[in-house]
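As they're listed, the protein sequences go chains A and B.
Using numbering that gives the first Met the number 0, read the first sequence as starting at 0 and increasing by one per residue.
Using numbering that gives the first Met the number 0, read the second sequence as starting at 0 and increasing by one per residue.
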Amino acid sequence: MNPVFAQGLLDVDFGLFFWVLITFLLFLFLLSKFAWKPILNALGEREKSIRESLEAAEKAKSEAQDISLKNEKVMKEAEALSQKIRKEAQEEAEAIRADRVEKAKEEADKLLHQARNTIEQEKKQALIELRKEVSRLAVEAASRILDEELDEKRNKKIVDRYIDELN
Amino acid sequence: MKLFFRLFFLTLLITTGITAVAEANSENENRVDLIGKVVDHYYLDFKPLTTIELPRLIYDEGQFYAFRSTTALLNTSDRFVDAAYVDADPVTEEGVIKPATYQIVRTDGSSPQFDFSITSHLVYFWFAAFLVFAIFLPLATKYRKGIGKNTEPQGAFQNIFETLVVFIRDDIALQNIGPKKYRTFTPYLLTVFFFILFMNLFGLMPWGVSPTADITVTAVLALLTFSATQLFAGKDHWKHVFWFPGVPVPIKFILMPVELIGLFTKPFALCIRLFANMASGKILIFSLLGTIFIFAELFGPATAYGTSWIWVLLTLFVYLIKALVGFIQAYVFTILSALFIGLAVTEHSEEHAH
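In structure tokens form, the structure reads like this:
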């Protein structure tokens with residue numbers, strides 16, 4: 000067996016070097032221009048659009064969340080407001096009723112008072128009139144007595160009759 | 000178990016065929032030119048079917064000489080001869096001079112100035128370049144049309160190659176070069192990766208050769224990475240080479256030659272790593288199969304028959320490893336290129352610890 004040494008294995012061949020260099024540079028240029036650029040651009044664009052879509056979706060989601068939160072808040076506020084209004088209305092109604100009762104009471108009191116006053120007045124009037132009448136009657140009776148003073152029996156009879164008349 | 004037996008008989012069948020060939024060969028000549036299977040040739044070897052001689056292009060003393068094949072050159076040129084025929088008479092077959100060493104020299108035995116001849120490695124290199132072009136140009140058209148741009152990638156073809164492209168862009172370029180400058184180098188890294196990958200895989204085809212098992216090819220690739228590194232290097236890169244920051248002045252003087260040598264060892268390592276990996280795989284396969292021939296010679300054909308299946312199984316194993324190595328080495332070359340470029344172009348702050 001003849002051993003074969005590595006002749007040529009580590010030789011750098013100029014012609015091959017030249018061709019490989021030229022070919023590689025040419026294909027690097029061609030591939031960069033016609034293959035890698037459009038592919039990488041397309042991939043970049045796709046990734047960008049996916050990222051943007053995701054971001055937009057996230058944004059829309061957070062917006063929707065915001066809106067629903069806002070709605071909830073508004074609803075709560077509205078409910079609170081309505082409750083407040085109802086309460087106020089109730090209170091007002093209560094106040095009005097109380098006021099009315101008070102007024103009615105006052106009115107009644109007033110009327111009663113007036114009535115009492117009138118009665119008092121009339122009573123006074125009546126008393127005055129009674130006094131007048133009594134004095135007149137007394138004068139009358141006295142005059143009659145004076146007219147017929149001698150007749151005691153008759154006087155007595157006149158007074159009796161007068162008192163009878165009074166009754 | 001059934002499968003195992005099937006596999007066993009299949010390998011037995013194959014090995015019988017191979018040992019038959021081995022026996023036939025050992026009768027003709029005892030020499031198997033192992034390195035000759037790995038080095039470059041001026042012909043495409045499709046033995047035993049045919050051998051296709053490649054064109055010879057030679058530049059000598061101000062003139063170009065182009066020949067369809069080495070045989071055509073030997074028979075038509077009076078300026079060049081085969082290196083073996085300078086002193087001896089040429090071997091002829093039916094009146095046609097046949098090439099012996101394919102080494103072309105002037106009639107006085109001296110080498111011509113430049114030999115630009117097409118070689119088998121170059122053909123496979125062109126084949127790889129063409130394949131990359133043929134794959135990615137239609138793919139680019141597809142992307143231009145909007146498939147994969149506005150929609151999801153469609154079909155296995157687009158998905159497979161998109162995955163690789165995205166992997167190189169994100170995990171190799173972006174990771175090692177950084178978000179600022181990776182876009183500049185991604186096309187180069189993509190080209191290098193797919194070229195090397197296809198060249199590596201060609202070595203697995205019947206009659207195929209890996210141009211990456213040739214140190215010239217890997218040297219060109221390493222040179223390109225080196226050029227990219229130096230051309231696009233930032234201020235910090237040169238500062239680190241000639242005036243290493245953050246160390247005392249005497250150390251700066253010691254570090255200068257170290258860093259200078261480091262500039263060149265990086266591409267050199269790139270070149271040797273790829274070449275050695277690819278060449279050794281091929282040599283290993285030939286050596287394993289060669290063991291059958293050696294056994295036939297040492298212990299007789301019976302032993303060679305009996306043990307051949309071991310070597311064939313081992314060869315099969317190495318073949319699968321080679322397929323794996325083809326991918327790994329393409330990846331390693333690309334990621335190291337990216338790393339070296341990244342180291343050179345990144346502007347890093349002065350204060351950081353070394």
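Just so it is clear, CB atoms sit at the ideal spot from N, CA and C, and this is done for glycine as well.
Here the structure is a predicted model, which means the values were calculated and not measured.
Going by alpha carbons, who is nearest to lysine 361(B) out of Leu220(B), Val240(B), Gly233(B), Ala155(B)?
-> This structure cannot speak to residue 361(B), because chain B is shown only from 0 to 353.
In the DSSP assignment, find the unbroken beta strand (DSSP E) run with isoleucine 103(B) in it and report its ends.
-> Run containing isoleucine 103(B): 103 to 105, per the beta strand (DSSP E) assignment.
With DSSP run on the structure shown, which of helix, strand or coil describes threonine 49(B)?
-> strand
Cα-Cα separation, leucine 159(A) to serine 134(A) | Correcting the residue identity first, residue 159(A) is aspartate in this sequence and not leucine. When rounded, the distance between both Cα atoms is 17 Å.
Beta carbon of glycine 341(B), beta carbon of leucine 196(B): below 9 Å?
-> No, the Cβ-Cβ distance between glycine 341(B) and leucine 196(B) is not below 9 Å.
Interface residues of chain B around serine 30(A) at Cβ under 8 Å?
-> Correcting the residue type first, residue 30(A) is leucine in the shown sequence and not serine. Simply Val131, Phe132, Phe135, Pro186, Leu189, Thr190.
With respect to the beta strand (DSSP E) encompassing valine 90(B), which residues constitute its N-terminal and C-terminal limits?
-> Valine 90(B) -> no beta strand (DSSP E), and no H or E assigned at all.
Exposed unless 16 or more other CB atoms sit within 10 angstroms - verdict on aspartate 39(B) | buried
Under the DSSP definition of a beta bridge, which residues are partnered with isoleucine 340(B)?
-> The partner list for isoleucine 340(B) (beta bridge, DSSP) is empty, contrary to what the question assumes.
Partner residues on chain A for serine 109(B), Cβ-Cβ distance less than 9 Å | Neighbours of serine 109(B) on chain A: none; closest Cβ ~15 Å, over 9 Å.
C-beta neighbour in chain A for tryptophan 310(B), strict 9 Å = no
Can the beta-carbon of threonine 22(A) be found closer than 9 Å to that of alanine 227(B)?
-> no
Would a check of beta-carbon distances place alanine 55(A) closer than 9 Å to chain B?
-> no
For glutamate 161(B), decide whether its Cβ has a neighbour in chain A, counting only Cβ atoms nearer than 9 Å.
-> yes
Euclidean distance between Cα positions of arginine 5(B) and phenylalanine 192(B) | The straight-line gap from Cα to Cα measures roughly 38 Å.
For leucine 273(B), which residues from the same chain have a beta carbon less than 6 Å from its beta carbon, with the 5 sequence-adjacent residues on both sides left out?
-> The answer, listed in chain order, is Thr211, Thr217, Gln328, Phe332.
Start and end residues, beta strand (DSSP E) containing phenylalanine 135(B) = Taken as a continuous stretch (DSSP letters only), phenylalanine 135(B) belongs to no beta strand (DSSP E), being part of the alpha helix (DSSP H) at 119 to 144.
Check the C-beta distance from glycine 147(B) over to arginine 45(A) and give it rounded, since I have them as a contact under 8 Å.
-> 7 Å
Integer-rounded CB distance, given that leucine 121(B) should sit under 8 Å from proline 98(B) | Their Cβ separation, rounded to whole angstroms, is 18 Å, which puts proline 98(B) and leucine 121(B) out of contact at 8 Å.
Since leucine 223(B) meets chain A, which of its residues come closer than 9 Å, beta carbon to beta carbon?
-> Leu20, Phe23, Leu24, Leu27
Alpha-carbon to alpha-carbon, alanine 82(B) and phenylalanine 292(B) | 31 Å
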